[in-house]
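Asks:
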Amino acid sequence: MNLVTWKAAGRGLGILLPLSLIFLLAVGCGPSKMAKDQLEKARKTYAQAKADPDVTALAPIHLSDAEKAIREAEHAGNSEKMIHMSYLAERKAQIAMTVAEGKKAEENIRKLNTQTSELIAQNQKLDLQRQLEARRAQMAAEQARRAAQMEAEAAAKAKADADKLMKELSELKAKQTDRGIVLTIGEVLFAFGKADLSSKADRNVDKLAEFLKKYPNRNVLIEGHTDSIGSEEYNLDLSQRRAESVKEKLVGDGVGPDRITTVGYGKKYPAVSNDTEANRALNRRVEVIILNEGVDAETQIRK
Amino acid sequence: MNGCRKSIQILILIFFAKGLLLSIGCATANWPLTSTQKISVGEKAVAEAKANNAAIEAPDALKSAEEKLSQAKKEFAGGWHRDASRFAEEAAVDADYARAKATTEKDKKTVKELMENIDALRQEIDRQPK
Numbered sequence: 008m009n010l011v012t013w014k015a016a017g018r019g020l021g022i023l024l025p026l027s028l029i030f031l032l033a034v035g036c037g038p039s040k041m042a043k044d045q046l047e048k049a050r051k052t053y054a055q056a057k058a059d060p061d062v063t064a065l066a067p068i069h070l071s072d073a074e075k076a077i078r079e080a081e082h083a084g085n086s087e088k089m090i091h092m093s094y095l096a097e098r099k100a101q102i103a104m105t106v107a108e109g110k111k112a113e114e115n116i117r118k119l120n121t122q123t124s125e126l127i128a129q130n131q132k133l134d135l136q137r138q139l140e141a142r143r144a145q146m147a148a149e150q151a152r153r154a155a156q157m158e159a160e161a162a163a164k165a166k167a168d169a170d171k172l173m174k175e176l177s178e179l180k181a182k183q184t185d186r187g188i189v190l191t192i193g194e195v196l197f198a199f200g201k202a203d204l205s206s207k208a209d210r211n212v213d214k215l216a217e218f219l220k221k222y223p224n225r226n227v228l229i230e231g232h233t234d235s236i237g238s239e240e241y242n243l244d245l246s247q248r249r250a251e252s253v254k255e256k257l258v259g260d261g262v263g264p265d266r267i268t269t270v271g272y273g274k275k276y277p278a279v280s281n282d283t284e285a286n287r288a289l290n291r292r293v294e295v296i297i298l299n300e301g302v303d304a305e306t307q308i309r310k
Numbered sequence: 005m006n007g008c009r010k011s012i013q014i015l016i017l018i019f020f021a022k023g024l025l026l027s028i029g030c031a032t033a034n035w036p037l038t039s040t041q042k043i044s045v046g047e048k049a050v051a052e053a054k055a056n057n058a059a060i061e062a063p064d065a066l067k068s069a070e071e072k073l074s075q076a077k078k079e080f081a082g083g084w085h086r087d088a089s090r091f092a093e094e095a096a097v098d099a100d101y102a103r104a105k106a107t108t109e110k111d112k113k114t115v116k117e118l119m120e121n122i123d124a125l126r127q128e129i130d131r132q133p134k
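For the record, the sequence lines run as chains Z and L. Everything in the first sequence is counted per the numbering used here, starting at 8 for the first residue and increasing by one. Everything in the second sequence is counted per the numbering used here, starting at 5 for the first residue and increasing by one.
1. Helix, strand or coil: which one does DSSP assign to Tyr232/Z?
2. In whole angstroms, give me the CA-to-CA distance for Tyr222/Z and Thr283/Z.
3. Tell me which same chain residues have a C-beta within less than 8 Å of the C-beta of Ala58/L, skipping the five on either side of it?
4. Which residue spans inside the stretch 41–79 of chain Z form an unbroken alpha helix (DSSP H) run of at least 4?
5. Helix, strand or coil for Gln183/Z, going by three-state DSSP, please let me know.
6. Any idea if Ser53/Z is buried or exposed, counting beta-carbon neighbours within 10 angstroms, 16 or more meaning buried?
7. Let me check understanding here. Comparing Cα to Cα, which of Ala103/Z, Asn290/Z, Glu175/Z and Lys310/Z lies closest to Ala56/Z?
8. Comparing C-alpha positions only, which one of Val270/Z, Ala198/Z and Lys254/Z sits nearest to Gly263/Z?
9. Shorter than 9 Å from the beta carbon of Asn57/L to some beta carbon of chain Z?
10. In whole angstroms, give me the CA-to-CA distance for Asn130/Z and Ala95/L.
11. Where Asn290/Z and Lys310/Z are concerned, what is the direct C-alpha to C-alpha distance, given to the nearest angstrom?
12. Could you tell me which residues DSSP pairs with Gly271/Z in its beta bridges?
13. What residues from the stretch 90–124 of chain Z come within 8 Å of chain L, judged by C-beta to C-beta, listed N to C?
14. Return helix, strand or coil for Glu300/Z, following the three-state DSSP convention.
15. Is Thr38/L helix, strand or coil when you go by DSSP?
16. For the alpha helix (DSSP H) holding Tyr94/Z, just list the boundary residues, first then last.
17. Mind reading off the beta-carbon distance from Val115/L to Leu119/Z? Whole number of angstroms is fine, and I expect it under 8 Å.
18. Output yes if chain Z places a C-beta closer than 9 Å to the C-beta of Leu73/L; else output no.
19. Near Ala76/Z, which residues of its chain fall below 7 Å by C-beta distance, leaving aside the five closest residues on each side in sequence?
20. Roughly how far, in whole angstroms, is the beta-carbon of Ala304/Z from the beta-carbon of Leu228/Z, given that I think they are within contact range, below 8 Å?
21. Identify the contact partners of Thr4/L in chain Z, using a Cβ-Cβ distance below 7 Å as the criterion.
22. Which residues bound the alpha helix (DSSP H) around Gly259/Z?
23. Short check: CB of Asn299/Z to CB of Arg210/Z, under 9 Å?
24. Answer yes if the stretch 72–88 of chain Z comes into contact with the stretch 124–142 of chain Z, meaning at least three C-beta pairs across the two stretches below 8 Å, and no otherwise.
25. Using a Cβ-Cβ cut-off of less than 7 Å, give me the residues of the stretch 124–138 of chain Z that come near chain L, in sequence order.
26. Start and end of the alpha helix (DSSP H) containing Val97/L?
27. Taking Ile60/L as part of the alpha helix (DSSP H), name the residues at either end of that continuous run.
28. In the stretch 43–69 of chain L, which residues sit with their C-beta less than 8 Å from some C-beta in chain Z, listed in chain order?
29. Do Asp59/Z and Ala107/Z have their beta-carbon atoms positioned less than 9 Å apart in this structure?
This is how it looks when you write it as structure tokens:
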């Protein structure tokens, strides 16, 4: 029995031994070139992944999975398994890199979202500011419009006042000049060499006094003139006296003396040429300048 | 003759011992997943990749995964369990890669869009009177 078994075993060995040898030889020859190439490819991909600090930081588990697969591939007992494990290892290394890239993108998304919110807030703030500024500008424009309107109304009122003044003074033969309203009292006012007001002039001065009392803010500059006959000194004195007599009359009518400034020009500023007696009579005159409000009389005196 | 027999006996013993060790090794290597389980892992991975839009963002890897998965099923049906397992494993990594790629590409697109938005917002802010 025992012997028979061993004989059978011996026959079996005749077949098994060569097979076993072939198997051992195959293992001994090691993996095929294809398997080695595949492993090399996997190693390269893994090395690339490992060299990337993003991958080691963001996909460490995937990277270590890839490394395990590489080790398994390296220790694979046969080519087929090596090719298979190398393939898995390469893919796992690729997954590690892709995951790291994805994590980085996610991180960027978070940052960019924050940035977007900040910019939106900034934009809204600017928008609000712009609205506020627009409203402010609108208000300023409205104010300016109102001011302009008030100014226009004031100007219209001033013109109306001026017109009214002119009308009131028309009886006094007033004329609007750049120095203010100038009126010449009477036509033939003073006798030759005299400073006394004629009775006609008297009435005119009364009207002026009435006007000045009605408009207490309007002061007057009274300018005396003479004809060309006589010395300069004499005429200066005469013209001053003529101005003074008008002032006296006004003060007598109740106008404050501080509102009245007098000046004598002598023969210096004739109204017309002194060639006839009629013209000379016109030059013997007093001109009253009704000063605009707030104007200093001294500044209006002719040089 | 007796000595010859003895040496043959030892050789046979060594041979069987080696075979036993190898078979244990194989069993350990396959542990804990059977080829059926590996196929189901592969199927799940492919499904997840598809759900994550891999068909558009990583079509090559997804196609490879699907082909390997069907190959695994075919091998399994033919009784070739080891091959079925390997195809299933490769299908799973292909699908995992396709899914990761799809997710990453989607995120990268989002990054690009956000950057464009930010540029637009910046321009809008710059245009506003300071």
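Here a beta-carbon is modelled for each residue, glycine too, at the ideal position from N, C-alpha and C.
Replies: Taking the geometry as given:
1. One point to set straight first is that residue 232/Z is His, not Tyr, in the sequence displayed. Three-state DSSP puts His232/Z in a strand.
2. 39 Å
3. Ala65, Leu66, Ala99, Ala102, Arg103, Lys105 and Ala106
4. 60–65
5. strand
6. As written in the sequence, residue 53/Z is Tyr, which differs from the Ser given in the question. When all chains shown are included, Tyr53/Z counts as buried.
7. Ala103/Z
8. Lys254/Z
9. no
10. 50 Å
11. 18 Å
12. Gly231/Z
13. His91, Tyr94, Leu95, Arg98, Lys99, Gln101, Ile102, Thr105, Val106, Glu108, Gly109, Ala112, Glu113, Asn115, Ile116, Leu119, Asn120, Gln122 and Thr123
14. coil
15. coil
16. Ser86 to Leu176
17. 6 Å
18. no
19. Met92, Leu95, Ala96 and Lys99
20. 4 Å
21. Because chain L here runs from 5 to 134, residue 4/L falls outside it and cannot be looked at.
22. Glu239 to Gly259
23. no
24. no
25. Leu126, Ile127, Gln129, Asn130, Leu133 and Arg137
26. His85 to Arg131
27. Ala58 to Glu61
28. none
29. yes
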